[in-house]
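Line by line, the protein sequences give chains V and S. Each residue of the first sequence is one higher than the last, beginning at 1 in my numbering. Each residue of the second sequence is one higher than the last, beginning at 1 in my numbering.
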Amino acid sequence: MANAWRWFHQLGSPKYLFQKTGQWLPWIWGATLILLAVGLYYSLWASPIEVRQGQGHTVRIMYVHVPAAALSMIGYIAMAIAATVGLVWKMKMAFAVVRSIAPVGAAMTFLALFTGSVWGKPTWGTWWEWDARMTSELLLLFLYLGYIALHASFSDRSKADKAGAILAIVGVINIPIIYFSVKWWNTLHQGYSITEKGALNPAFQTPLFLMLAGIYLLFAALVLMRLRAEIVLRNQKSRWVIEWASGKTLERGES
Amino acid sequence: MILTLLKRELKVARRNWIGLAIPLLFFIIVVSLFPFAVSPEAPVLQQLAPGVIWVAALLAMLLSLEQFYRSDYQDGSLEQLLLMSSPTSVAISKILAHWLLTGLPLVVLSPLLGVLMQINHGVEHSAHTWVLMLSLVLGTPTLCLLGAVGMSLTLAASRNGLLVSILIIPLYVPVLIFGASTVTASLENMRYNGELAILGAFLLIAIVFAPFASGRALKISVG
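Written out as structure tokens, the structure is:
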């Protein structure tokens, strides 16, 4: 327990976090590329087509759509957790994490909406429907964009961080609404199929789970890269950043 | 303490009553555009009424937010208020004043708009008007509470006027959906107490969390 707390506090040090993420990134990128390569092979070639859905091949869109939609929600939850950590323990690096997640999460939300729309045209016969889940996903996109806009509107970074953190926490109320929307309102979007037994044909499971894992890791890799840029930006005046930028290797230790 | 703060808010607002009248005028004018733009026929207007009146009320609430926070922030009195009492009670007094001076007048004016939008077309009684007022009574305080959070967050930001709308409108959507659908249900002679109950639930949740969040945000903006 004491060790876990020590590790948690060490993560608050920009230099430590920068070094650690630098060590993790190559592994995460490696795993991401392998998983995505195998996952794409399965989802584009080695999986059956779904005969009930119009043109059959449209089912392949699901392998991007489901992970993107899952990450759009998980990304926001992660933002809210990091925001809480930042406000409660006054940990500045937590705010850097919130800010790093926002654009990636917004991109995932957009991707989920876009792929859903492209899939919906041949299957449901419409690009857009004001269905509960789509509407709340659209609101999620607005929440992400609102956070980005709010953060960009302050000249004082610490105010921007704190105000953004409060917005992230307030907006988290939308997440359960999205998640349960297909259960609460019986509208167009289909219900749960992954967690409910027998709803998903095993042939579709392999590519879906590979893509889920791959896109989760891709999300992590992108967020960590943004986080590193954010750390350098925020500490551009400290000695270790200047040394790092001038090509010296970093020695171990806390900033 | 909250009562003293509330009295202050009301006194400040009384000396700037024109600023309070403008959002109400806006509320009426926006609604009166629809007969020109869509159709002056009663059945059409009646069908549009719940949505149009609710959207106009929502925008009027957004417009009126500014004056309860902005000038206090700019002339430094907000800082003094925060030194004097807890941020949460400052937030509560502002939310209460905002509702009493904008939300309540909107509720009072809504029957007039109901008439303009032919809400009671084809029926002898005026039950739809009462449902409209009831939905606004339960919904507008939630709009005040959420608006307070957004306004407090953006006080210190640049280009804040539009920013607050972008932040807050997504959070207003659930209230709008259930507010307007309460009235629609009544127009279709269906039961509407479920929608009203959900509006009440939103209000209770907002009462618990919003004053605290708004107080924190006020402190961040000033500090």
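Note that CB positions come from ideal geometry on N, CA and C, so glycine has one too. Bear in mind the structure is a predicted one, so any value in this text is a computation, not a measurement.
One question on the structure: do V/LEU224 and V/LEU25 come within less than 7 Å of each other, judged by their Cβ atoms? Their beta carbons are under 7 Å apart, which means V/LEU224 touches V/LEU25 by this criterion.
For S/TYR192, which of helix, strand or coil comes out of DSSP? Here S/TYR192 sits in coil by DSSP.
Using a Cβ-Cβ cut-off of 6 Å (strictly less than) and excluding sequence neighbours within five positions of S/VAL30, which residues of its own chain qualify? Within the same chain, ALA56 come within 6 Å of S/VAL30 by CB-CB distance, once the 5 residues on both sides are set aside.
Within-7 Å CB hit, S/LEU167 to chain V: Taking Cβ atoms only, chain V reaches closer than 7 Å to S/LEU167, which makes this a yes.
Reduced DSSP category for V/ARG60 - H, G, I as helix; E, B as strand; rest coil: Three-state result, V/ARG60: helix.
Local conformation of S/ALA156 per DSSP, three classes: Three-state result, S/ALA156: coil.
Nearest-angstrom Cα distance between S/ALA210 and S/LEU146? Spanning the two alpha carbons is a distance of roughly 6 Å.
CB contact below 7 Å: S/ALA91 versus chain V: Against chain V, the CB of S/ALA91 has no partner CB under 7 Å away; the residue lies outside that interface.
In angstroms with no decimal places, state the Cα-to-Cα distance between V/ALA37 and V/PHE154. Spanning the two alpha carbons is a distance of roughly 41 Å.
Using a beta-carbon distance cut-off of less than 9 Å, what residues from the stretch 168-184 of chain V approach chain S? From the stretch 168-184 of chain V, only ILE169, VAL170, GLY171, ILE173, ASN174, ILE177 have a Cβ closer than 9 Å to chain S.
Does the beta-carbon distance from S/LEU266 to S/ALA197 come in below 7 Å? The structure shown does not extend to residue 266 of chain S, since chain S is modelled only from 1 through 223, so no value can be given for it.
Reduced DSSP secondary structure (H/G/I, E/B, other) of V/PRO14: Secondary structure at V/PRO14: helix, using DSSP grouped into helix, strand and coil.
Which residues of chain S have a Cβ atom closer than 8 Å to the Cβ of V/GLY86, listed in chain order? Around V/GLY86, no beta-carbon contact reaches into chain S at under 8 Å, the shortest distance being about 12 Å.
Range covered by the alpha helix (DSSP H) that runs through V/PHE154: From DSSP, V/PHE154 is part of no alpha helix (DSSP H); its letter is neither H nor E.
Is there a C-beta anywhere in chain V that falls below 7 Å from the one on S/VAL149? S/VAL149 counts as touching chain V.
Does DSSP classify S/GLN46 as helix, strand or coil? Look at S/GLN46 here: in three-state DSSP terms it is helix.
Quick check on S/SER32: does DSSP put it in helix, strand or coil? S/SER32: helix per DSSP, three-state reduction.
Tell me where the alpha helix (DSSP H) around S/LYS11 begins and ends. S/LYS11: member of the alpha helix (DSSP H) spanning 2-14, first to last residue.
Does the contact criterion of 3 or more C-beta pairs under 8 Å hold for the stretch 27-35 of chain V versus the stretch 68-83 of chain V? In this structure the stretch 27-35 of chain V does not touch the stretch 68-83 of chain V; the number of beta carbon pairs closer than 8 Å is below three.
Would you list, in sequence order, the uninterrupted alpha helix (DSSP H) runs of no fewer than 4 residues that lie entirely inside the stretch 93-181 of chain S? With a minimum length of 4 residues, the continuous alpha helix (DSSP H) runs that stay inside the stretch 93-181 of chain S are 104-116, 127-154.
Identify whether S/SER85 lies in helix, strand or coil by the three-state DSSP scheme. Reduced to three states, the DSSP call for S/SER85 is coil.
Closer than 6 Å by C-beta to V/ILE256: which residues in its own chain qualify, once you throw out the five before and the five after it? Chain order, please. Only positions 1 to 255 of chain V appear in the structure, and residue 256 of chain V is not among them; the question remains open.
For S/ALA21, tell me which candidate among S/LEU45, S/GLY194, S/LEU101 has the shortest Cα-Cα distance. Ranking S/LEU45, S/GLY194, S/LEU101 by CA distance to the CA of S/ALA21 puts S/LEU101 first.
Using a Cβ-Cβ distance under 7 Å, would V/LYS162 count as near chain S? Closer than 7 Å to the CB of V/LYS162 there is at least one CB belonging to chain S.
Distance between V/GLN236 and V/SER255 (C-alpha atoms, nearest Å): Unreliable positioning characterises V/SER255 in this predicted model, as indicated by a pLDDT of 45, which lies under 50. A coordinate reading is not provided.
Contacts around S/SER32, its chain only, beta-carbon distance under 7 Å, and the 5 residues preceding and following it disregarded: These residues qualify, in order along the chain: LEU116.
Backbone secondary structure at V/GLY105 - three-state DSSP: If DSSP states are grouped into helix, strand and coil, V/GLY105 belongs with the helices.
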